[in-house]
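Numbering (the working numbering), first residue to last: 20 to 445.
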């Protein structure tokens, strides 16, 4: 019987299981996770921390899923090494398991800066249920917290702790928040909105050291200022979990390098999700786009291809949808124009409305929508299809711009889907 091992139990790994079982009910599937939980939604963790949802709302797939799909589930064990020559994986307890086909869907972990004192008690990422439960355990005695980083993870963490009544400061090294996904105009509007809702944001500063004897007491900034705090949450981005393929024939850069079929440099090993370096069809290069919808699509296609379907992955795109205290924003593609690109924008500062599109050779390359995000899927399809938008260029920023305007550009039989997966409300 064919043995398929899937390392990882989140979006990509679960999608691979479902896709394989749609084609093959006989093969043996083993799913391995270093966490103690069945699959859960990481994008809901900040709501769980905030108290907006209970732990039951985290569940993505429960125990019945594994039973119904005849999956052998191994929890709480880390895979430390892949041995492609022997078609084996090695667990941290030295146990070895054989495979015919391997799927690496190990995801990513919080990127921790090289910072003196970072190992102190009270310092957390915000990537796992364990992280959140440990933070919640400190809340009865904690009054202050600092978040390091002004990206989505950092801002969502700040929101959650503010809702819990914690005095919160967000320390941002960049001159603006959300510097990877928004331009300064949009970022400034959101920062003002967050400030009005009680989040203190300090830009242009970074942590130099975490102070305290064993337990965290304060953050020392590179300016010399010391801020007392009992909790620090690191929101400096994520890093792919690829240590298990070190010194093997599985090639990697930022993430594990895969082809258009999600296959690695080793014939019977696939990679998908946050650990995989895939083609970005806007930037036209291979990189990691660590987003839940991308992981689901990649896992699904990897599963199909394991079953000999040969489905091509057309590529990923950097895309985010989030709502901060009632102010929604969507961004996709590039946020800042480069030489040779054209920008169209519309700003209504009083109503916190901002729309921006970035064009190159009459093709859409980037979009920012603030407080008017209806029909955002239109822009995604225009980017995905590299459609010539010259005939609708003057309508791109109108609130009346809708699907009817673009059907001829995409083809009359084109069906448009807009997934809300990965979208978050803060």
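Ideal placement from N, C-alpha and C gives every residue a C-beta, glycine not left out.
Do residue i and residue j have their C-beta atoms closer together than 9 Å?
i, j, result
"residue 222", "residue 184", "no"
"residue 26", "residue 263", "yes"
"residue 384", "residue 360", "yes"
"residue 407", "residue 381", "yes"
"residue 224", "residue 237", "no"
"residue 426", "residue 386", "no"
"residue 1", "residue 123", "For residue 1 there is no data in the structure shown, the boundaries of the chain being 20 and 445."
"residue 336", "residue 280", "no"
"residue 34", "residue 199", "no"
"residue 68", "residue 146", "no"
"residue 188", "residue 220", "yes"
"residue 42", "residue 322", "yes"
Assuming residue i and residue j are in contact, meaning their beta carbons sit under 8 Å apart, how far apart are those beta carbons, in whole angstroms?
i, j, result
"residue 181", "residue 217", "5 Å"
"residue 29", "residue 156", "With 8 Å as the limit, residue 29 and residue 156 do not qualify as a contact, their Cβ atoms being about 24 Å apart."
"residue 306", "residue 31", "With a Cβ gap of about 16 Å, residue 306 and residue 31 do not count as contacting."
"residue 394", "residue 347", "13 Å between Cβ atoms; not a contact."
"residue 129", "residue 144", "3 Å"
"residue 243", "residue 166", "The pair is not a contact, with the Cβ atoms about 20 Å apart (cut-off 8 Å)."
"residue 363", "residue 415", "6 Å"
"residue 161", "residue 250", "5 Å"
"residue 420", "residue 397", "7 Å"
"residue 196", "residue 208", "Between residue 208 and residue 196 the Cβ distance is about 10 Å, and since that is not below 8 Å, they are no contact."
"residue 48", "residue 91", "7 Å"
"residue 55", "residue 94", "5 Å"
Let me know the secondary structure DSSP gives residue i once reduced to three states.
i, result
"residue 219", "strand"
"residue 312", "helix"
"residue 228", "strand"
"residue 201", "coil"
"residue 127", "strand"
"residue 393", "coil"
"residue 286", "coil"
"residue 113", "coil"
"residue 403", "helix"
"residue 84", "helix"
"residue 62", "helix"
"residue 398", "helix"
"residue 235", "coil"
"residue 305", "strand"
"residue 210", "helix"
"residue 325", "helix"
"residue 294", "helix"
"residue 195", "coil"
"residue 361", "strand"
"residue 278", "coil"
So residue i is in the alpha helix (DSSP H); what residue range does that whole segment cover?
i, result
"residue 426", "426–429"
"residue 40", "30–42"
"residue 19", "An answer regarding residue 19 cannot be provided, because it is not within the stretch 20 to 445 covered by the chain."
"residue 154", "148–157"
Starting from residue i, trace the beta strand (DSSP E) both ways and give me its first and last residue.
i, result
"residue 343", "338–343"
"residue 375", "372–379"
"residue 350", "346–352"
"residue 21", "Neither: residue 21 is in no beta strand (DSSP E) and is coded neither H nor E."
"residue 163", "163–167"
"residue 56", "Element bounds for residue 56: n/a, residue is neither H nor E."
Touch test, the segment 49–59 against the segment 67–81, Cβ-Cβ under 8 Å, three pairs minimum: Taking 8 Å as the limit for Cβ pairs, the verdict is that the segment 67–81 does touch the segment 49–59.
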